[in-house]
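> Below is the structure I would like to discuss, written out as structure tokens.
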Ligand SMILES: [Zn+2]
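Numbering (the numbering used here), first residue to last: 32 to 330.
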């Protein structure tokens with residue numbers, strides 16, 4: 032989008048060019064003078080003209096809704112990309128946004144001296160579209176955040192993503208497949224469709240991505256994998272149930288038969304120290320027989 036300052040600069044430039052063209056100065060001389068490029072009518076699909084058009088900096092983009100100027104754009108594709116990036120795409124309430132495609136036209140604006148219709152002796156300055164080209168801009172949904180300190184590690188455990196053992200989580204779709212993967216750390220899902228279709232044009236065979244929130248099944252699997260991993264370093268054996276990792280520490284008693292809190296704290300500290308970085312343990316406050324329940328958590 033153009034800032035006020037950029038718009039002012041552009042207006043000044045247009046006035047300068049127009050005045051000098053109307054005064055009869057050679058377009059190439061004006062362009063060289065102002066450090067601008069020129070184009071002949073071979074690069075203008077909708078118009079023919081004599082001589083050269085002086086190109087304004089940047090480019091214009093439009094998907095059919097509105098023309099937007101990008102004076103800083105170095106290329107037409109960059110202007111088309113900015114147009115999509117700046118726009119309001121998709122439904123913010125859609126909790127499973129998928130890949131989208133938008134066709135955007137982009138072109139450069141040229142100023143050219145043309146004869147006034149009906150009065151061949153008079154000249155006027157007109158704008159023309161140079162190098163007008165259509166770009167299809169693909170936008171993938173944002174990846175959700177992973178668990179604290181982790182980056183997504185996409186896996187295909189048969190027990191969570193289903194399908195067949197040789198190819199878990201993969202189903203045929205048209206000429207391609209739909210693949211479901213789950214993150215080893217946070218349990219969220221990534222669904223990739225290699226035969227996606229554009230709703231607006233009907234084009235098929237595209238690759239789309241969407242993410243689905245973790246559910247009880249994936250979180251339970253993540254907890255089981257975490258428990259397996261943590262069990263190697265833990266002095267107590269760990270269990271994973273309902274997405275929760277826990278262990279039990281036998282209550283140590285003093286001479287009076289009361290719980291020895293200092294001794295219990297030392298036990299907990301020993302467990303904490305044994306866990307890998309990013310993990311800790313804490314009492315849950317519940318007891319089972321003569322054992323205190325301890326939950327293993329990220330932190
Ligand atoms: Zn993740």
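All C-beta atoms, glycine included, are put in the ideal place defined by N, C-alpha and C.
What does residue 237 pair with, by DSSP beta-bridge criteria?
Under the DSSP definition of a beta bridge, residue 237 partners with 227.
> Okay, do the segment 60-75 and the segment 178-198 touch, 3+ Cβ pairs below 8 Å being the bar?
no
> Going by beta-carbon coordinates alone, are residue 217 and residue 245 separated by less than 8 Å?
yes
> Can you give me the C-alpha to C-alpha distance between residue 243 and residue 213, rounded to a whole angstrom?
9 Å
> Around ligand 1, which residues pass a check of Cβ closer than 5 Å to any of its heavy atoms?
177, 183, 214, 216 and 217
> Using the three-state DSSP reduction, which class does residue 168 fall into: helix, strand or coil?
strand
> Are the CB atoms of residue 220 and residue 190 nearer to each other than 8 Å?
no
> On the criterion of 16 or more Cβ atoms from any shown chain inside 10 Å, does residue 266 qualify as buried, or is it exposed?
With a 10 Å radius around the Cβ and a threshold of 16 neighbouring Cβ atoms, residue 266 comes out exposed.
> Looking at the structure shown, is residue 33 part of a helix, part of a strand, or coil, going by DSSP?
coil
> Please determine, among 323, 67, 135 and 86, the residue with the shortest C-alpha to C-alpha distance to residue 99.
135
> Taking DSSP as the reference, what is the three-state secondary structure of residue 328?
Judged by DSSP in its simplified three-state form, residue 328 adopts strand.
> Spatial neighbours of residue 298 within its chain, please: C-beta separation below 8 Å, excluding the five flanking residues on both sides.
280 and 283
> Quick one: measure Cβ to Cβ for residue 326 and residue 275, integer angstroms, because I've assumed they're closer than 8 Å.
7 Å
> I want to know whether the segment 222-240 touches the segment 194-206 - three or more CB-CB distances under 8 Å.
Here the segment 222-240 lies against the segment 194-206, with 3 or more beta-carbon pairs under 8 Å apart.
> For residue 63, I'd like the list of residues in its chain whose CB is within less than 8 Å of its CB, leaving aside the five on either flank, ordered along the chain.
Counting only Cβ-Cβ distances below 8 Å, and skipping sequence neighbours, we find nothing.
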